[in-house]
Amino acid sequence: MDKRGKQRSQYGKEKKAESTYGMIPTPRAMSQSVYKAGVTSRPISDTDIGPALQVLQSKNYKIIDKLGEGNYAKVFRVRSLENRDLAVKIIDLAKTSKNYRLKFFPREVEVLQKLRHKNITAIYEIFTAHTMVFIFMEYCSNGTAADLLKQFKELPDWICKPFFTQLVEALHYMHSLNIAHRDIKLENILLDRQTNPKLTDFSYSLYVEKDGQGNTILSKTFCGSLPYIPPEILLEKPYDPKAADIWSLGVCLYILLNNTLPFKFDDIQNMIRCQLNREYKFKARVENSISDKCKDLLKKMLEPDFKQRITTIGIMLHPWLSSRDERPQQQ
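full-length UniProt numbering puts the first residue of the sequence shown at 1, with every later residue one more than the last.
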């Protein structure tokens with residue numbers, strides 16, 4: 001890794017992913033990022049911002065609108081004196097569990113400060129005031145990948161490929177630093193002004209370590225979002241966090257191509273059975289339009305045996321990503 005934190009490829013000459021600018025239409029009526037599925041930006045009330053307002057004003061930030069919230073965190077769009085829009089995540093540690101404060105939160109901050117990649121949301125400043133933590137990050141104005149599919153149909157694989165390639169490069173960068181995300185989903189993929197994807201939300205991120213024999217130390221923490229969780233986690237078995245990320249990203253790829261989930265999750269036991277038996281199907285029109293190379297990659301990412309699952313290097317070397325398919329000609 002060079003002095004600027006840029007990760008070099010481990011498998012040969014670095015190949016830059018194409019931008020998706022001009023390929024994926026900018027979602028209409030999404031001039032403001034939602035940051036959480038189903039939560040649209042809206043005016044601020046006193047109960048929304050509370051004592052954080054004074055802290056932000058002391059830093060010369062003007063609050064524009066509210067982008068989203070969770071159990072103990074809220075996200076706002078703010079504007080600096082230089083007229084630059086940022087997103088700020090405000091975590092009220094007083095509302096969090098002791099386990100979160102001692103384990104997950106310190107790990108998230110450490111990871112955020114370490115990651116530097118064009119397809120990972122940039123972090124500009126982190127500070128504390130009272131019981132609150134303020135995390136200032138890049139503002140992505142086009143919502144999430146989930147919002148993209150709410151407004152448009154399935155993405156053709158020739159459009160999906162450069163978009164997906166950028167995500168793979170971001171994940172490869174993380175894995176090369178031995179960091180796993182553990183909650184990859186469309187709602188955690190933000191879109192910038194040019195609809196380029198940015199991985200975000202590292203609340204469950206983890207440093208992946210090796211034992212004395214050089215084997216990956218498996219994780220036992222049940223985490224992630226149910227539709228994206230691989231079978232080994234659903235079966236409550238120790239799992240490789242990096243391999244779990246690959247499965248989750250494979251689910252993202254499937255949804256982008258088909259605009260449906262690969263596995264229904266209303267019945268967990270049936271979901272596991274379908275995962276283990278590779279029982280996912282494409283819509284007829286999608287089945288006929290997706291290349292065999294793309295289908296093969298998806299099969300390798302949704303491999304039920306995590307020990308046999310493809311890695312980020314394998315994905316980047318896969319024929320679907322390494323070949324340059326032309327856009328289909330209009331008939």
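Even for Gly, the Cβ is constructed at its ideal location relative to N, Cα and C. Everything numeric in this text was worked out from a predicted model, so none of it was measured.
CB contact flag (residue i, residue j, <7 Å)
| i | j | result |
| --- | --- | --- |
| residue 146 | residue 187 | yes |
| residue 160 | residue 257 | yes |
| residue 152 | residue 253 | no |
| residue 262 | residue 208 | no |
| residue 290 | residue 300 | no |
Cα-Cα separation, residue i to residue j
| i | j | result |
| --- | --- | --- |
| residue 184 | residue 226 | 11 Å |
| residue 94 | residue 101 | 9 Å |
| residue 318 | residue 287 | 20 Å |
| residue 323 | residue 54 | 53 Å |
| residue 315 | residue 72 | 36 Å |
| residue 88 | residue 292 | 42 Å |
| residue 91 | residue 106 | 12 Å |
| residue 143 | residue 212 | 43 Å |
| residue 178 | residue 251 | 22 Å |
| residue 313 | residue 67 | 35 Å |
| residue 76 | residue 51 | 14 Å |
| residue 321 | residue 115 | 24 Å |
| residue 167 | residue 61 | 31 Å |
| residue 264 | residue 298 | 17 Å |
| residue 162 | residue 217 | 33 Å |
| residue 154 | residue 132 | 40 Å |
| residue 129 | residue 135 | 11 Å |
| residue 269 | residue 79 | 48 Å |
| residue 56 | residue 295 | 48 Å |
| residue 96 | residue 285 | 47 Å |
| residue 229 | residue 124 | 31 Å |
| residue 69 | residue 173 | 28 Å |
| residue 307 | residue 279 | 20 Å |
| residue 110 | residue 214 | 24 Å |
| residue 103 | residue 195 | 34 Å |
Contact belief for residue i with residue j at Cβ below 8 Å, rounded distance in angstroms
| i | j | result |
| --- | --- | --- |
| residue 108 | residue 219 | About 16 Å; that fails the 8 Å criterion. |
| residue 206 | residue 180 | 5 Å |
| residue 245 | residue 182 | 7 Å |
| residue 275 | residue 231 | 4 Å |
| residue 199 | residue 120 | 5 Å |
Spatially closest choice to residue i from the options, by CA coordinates
| i | options | result |
| --- | --- | --- |
| residue 259 | 150, 244 and 297 | 150 |
| residue 249 | 266, 276 and 302 | 302 |
| residue 236 | 247, 223 and 228 | 223 |
| residue 99 | 304, 221, 129 and 111 | 221 |
| residue 283 | 306, 309, 266 and 255 | 255 |
| residue 305 | 297, 270, 266 and 247 | 247 |
| residue 169 | 285, 269, 192 and 197 | 197 |
| residue 171 | 117, 138 and 125 | 117 |
| residue 267 | 289, 243, 238 and 234 | 234 |
| residue 81 | 74, 97, 96 and 59 | 59 |
| residue 83 | 64, 74 and 70 | 64 |
| residue 243 | 175, 124 and 157 | 175 |
| residue 193 | 277, 112, 103 and 138 | 138 |
| residue 74 | 201, 112 and 158 | 201 |
Chain D within 7 Å of residue i, Cβ atoms only
| i | result |
| --- | --- |
| residue 260 | Reference to chain D is not applicable here, since this structure consists of a single protein chain. |
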